[in-house]
Amino acid sequence: MDLDVVNMFVIAGGTLAIPILAFVASFLLWPAALIKVYYWYWRRRLGIKPSFLMLHGFSAHKDMWLSVVKFLPKNVHVVCVDMPGHEGTSRTGAADYAIEGQVKRIRQFVESIHLDKKPFHLVGTSMGGNVAGVYAARYPRDLCSVTLVCPAGLNNPTHSKFVKLLQGLEKSKDSHSIPLIPSTPEEMEEMLKLCSFVRFKIPQQILRGLVDVRIPHNDFYREVFLEIVGENSRHSLHDNMHLISAPLQVIWGKQDQVLDVSGASLVAAAVPGCQVDLLDNCGHSVVMERPRKTAQLMMDFITAQQNAGSASNKKLS
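Counting from 1, one number per residue, gives the positions in the sequence shown under full-length UniProt numbering.
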């Protein structure tokens, strides 16, 4: 046999032997690492999405996201958390309810459940949107992307009906007539009209039940509200949005009477590449009014980011 042919077989055999030996050595010496590589490979093959962390709005709780979660793919890992002081969380001091305080508490939660071990997708609505935006500015390495749903914390060019009501209350120094803190069925009905474009006919006894559940917490809600509209928190997102580096999506109802949709253009101008999705015939309660559409928009955004990342990696290789 020709010597060159023999050399070719030796080289080819050695080339094949190296990965085989590496595999055997990994299996014997570092089985945990091999298993991680195996799962990483199948996650990439199956297109498994990143974890979602979802932050609710003022005076709500984590279960508000259930209407959206049911329209998300079953392979998505979703974490819905009660914001500081809300529902099942402990109540501490006023400093924890300001936006910076809430960001710190959410960061503690993320670390405690090790969600920061790989980049996750952060979602926040209204007050939670303010917190999510500032979180993205403070901890960019935690995130692969962000969705803000009609976020608070902006100095919107156009004042909403709710903001105009607040301005009147500030002038009269009346802190007990905040439209988002109802104490009667009539006030509850007005709050629902303010928050939703869709008009639902809700029986009086249901309205009474909704109020009865909230009344024991109204003093707390008032304390939180005064913190998030205070000087240090009112425009927190506005002051920090230029620091957001993760891919950003903004979803907003065009008929939002709580936080005017003009805020979307502010974020888009401040964050390069920001994707804005505006919903017709939808108010502030986007999550409740258009849950299927919200889920679809978020998943389309995530998929687009993953595809863009894959295309970028192919170009580099």
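No residue lacks a Cβ here, since even glycine has one placed at the ideal position from N, Cα and C.
| Item | Value |
| --- | --- |
| Option in Met298, Pro247, Ser265 and Pro291 with minimal Cα separation from alanine 308 | Pro247 |
| Contact between the region 225 to 236 and the region 152 to 161 (3+ Cβ pairs under 8 Å) | yes |
| contact_flag[the region 211 to 222, the region 179 to 186] where n(CB pairs < 8 Å) is 3 or more | yes |
| 8 Å Cβ shell around proline 73 - same chain, five flanking residues per side excluded | Lys49 and Met299 |
| Simplified DSSP state of glutamine 275, which is helix, strand or coil | strand |
| Straight-line gap, histidine 176 to leucine 166 (C-alpha atoms, nearest Å) | 11 Å |
| Segments assigned beta strand (DSSP E), at least 3 residues, entirely inside the region 176 to 208 | none |
| Serine 145, buried or exposed, once every other Cβ within 10 Å from all chains shown has been counted against 16 | buried |
| Pick from Leu259, Met188, Val287 and Ala264 that is closest to valine 276, judged by C-alpha positions | Ala264 |
| Residues of its chain near serine 160, where Cβ-Cβ distance is below 7 Å and the 5 sequence neighbours each way are ignored | Asp256, Gln257, Val258, Leu259 and Asp260 |
| Extent of the continuous beta strand (DSSP E) to which valine 79 belongs | 78 to 81 |
| Residue interval of the beta strand (DSSP E) (run including glycine 253) | 248 to 253 |
| Stretch-stretch touch, CB-based, cutoff 8 Å, three pairs: the region 54 to 64 with the region 124 to 138 | yes |
| Coarse secondary structure for threonine 125, derived from DSSP in three states | strand |
| Supposed close pair phenylalanine 197, cysteine 282 - CB separation, criterion 8 Å | 5 Å |
| Lysine 118 versus aspartate 142 - alpha carbon distance | 7 Å |
| Proximity of methionine 188 and leucine 210 at Cβ, strictly below 8 Å | yes |
| Three-state secondary structure assigned by DSSP to serine 262 | coil |
| Straight-line Cα distance separating lysine 104 from glutamate 111 | 11 Å |
| Proximity winner among Ala269, Phe52 and Glu289, relative to threonine 147 (alpha-carbon distances) | Phe52 |
| 6 Å CB neighbourhood of histidine 86 in its chain, flanking five on each side removed | His61 |
| CB of arginine 290 within 8 Å of CB of leucine 279, strictly | yes |
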